[in-house]
Amino acid sequence: MRCPFCGHDDTQVKDSRPTDDNASIRRRRACPACASRFTTFERVQIRDLVVIKKDGSRSTFDRDKVVKSLQIALRKRPVDEEQIERIVNGIHRRLESLGENDVPSKLIGELVMDVLMEMDQVAYLRYASVYRNFREAKDFGDFLGKMGRQGDD
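Taking UniProt numbering, the leading residue of the sequence shown gets 1, the next gets one more, and so forth.
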């Protein structure tokens with residue numbers, strides 16, 4: 001594994017253990033060249049997923065994009081990186097279990113929204129504001145009204 005700090009090709013594994021959900025292996029690594037430490041995750045990949053975007057274009061599923069969007073939505077919320085990793089692993093497994101290689105981007109967004117709605121309503125609202133492309137305060141108000149009605153069910 002290449003060091004992300006100095007580019008040295010030979011890093012050493014210092015600690016290796018499964019994540020809480022046993023879906024991946026967490027490895028703490030050290031670089032002998034620059035003495036930096038970093039973490040890597042090793043996961044099983046069942047199939048290559050291709051995301052079909054709204055405009056019809058296709059791209060390879062990039063779990064890091066899902067991680068980044070969750071990190072933005074969950075910024076300054078009581079959620080740690082390992083919880084985010086578990087969420088993304090769960091979403092990825094659900095997508096793979098569909099049995100299809102082609103996955104609409106809308107489905108990914110809806111899965112993220114479902115998880116956030118159950119986990120943290122502030123993060124849910126943050127994610128929804130970007131995902132649903134809110135343009136003005138009225139859009140937030142309408143969405144909050146819908147959230148309130150769903151909570152009454």
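For every residue, glycine included, the Cβ atom is placed at its ideal position computed from N, Cα and C.
Host beta strand (DSSP E) of residue i (start-end)
i: S59; result: 58 to 60
i: E42; result: 37 to 43
Residue i to residue j span [Cα, whole Å]
i: R26; j: E96; result: 21 Å
i: F5; j: D142; result: 46 Å
i: I87; j: S36; result: 28 Å
i: N22; j: T40; result: 15 Å
i: D10; j: I84; result: 28 Å
i: E110; j: G90; result: 13 Å
i: R28; j: V13; result: 6 Å
i: R2; j: S105; result: 31 Å
i: N133; j: R17; result: 40 Å
Short Cβ contact (9 Å threshold) for residue i with residue j
i: N101; j: D64; result: no
i: V66; j: V130; result: no
i: D20; j: E82; result: yes
i: H92; j: R126; result: no
i: residue 154; j: D120; result: Only positions 1 to 153 of the chain appear in this structure, which leaves residue 154 out of reach.
i: I108; j: F61; result: yes
Which of helix, strand or coil DSSP assigns to residue i
i: A23; result: coil
i: R93; result: helix
i: V67; result: helix
i: R135; result: coil
i: R2; result: coil
i: G7; result: coil
i: R47; result: coil
Terminal residues of the alpha helix (DSSP H) in which residue i lies
i: V122; result: 121 to 131
For residue i, the residue or residues it bridges with in DSSP
i: I52; result: R58, P104
i: Q12; result: A30
i: residue 156; result: Because the chain is modelled from 1 through 153, residue 156 falls outside the range shown and cannot be assessed.
Residue i Cβ short of 8 Å to the ligand FMN heavy atom set
i: P18; result: Questions concerning the ligand FMN fall outside what the structure shown contains, since it holds no ligand whatsoever.
Chain B within 9 Å of residue i, Cβ atoms only
i: R47; result: No chain B appears in the structure shown, which is made up of a single protein chain.
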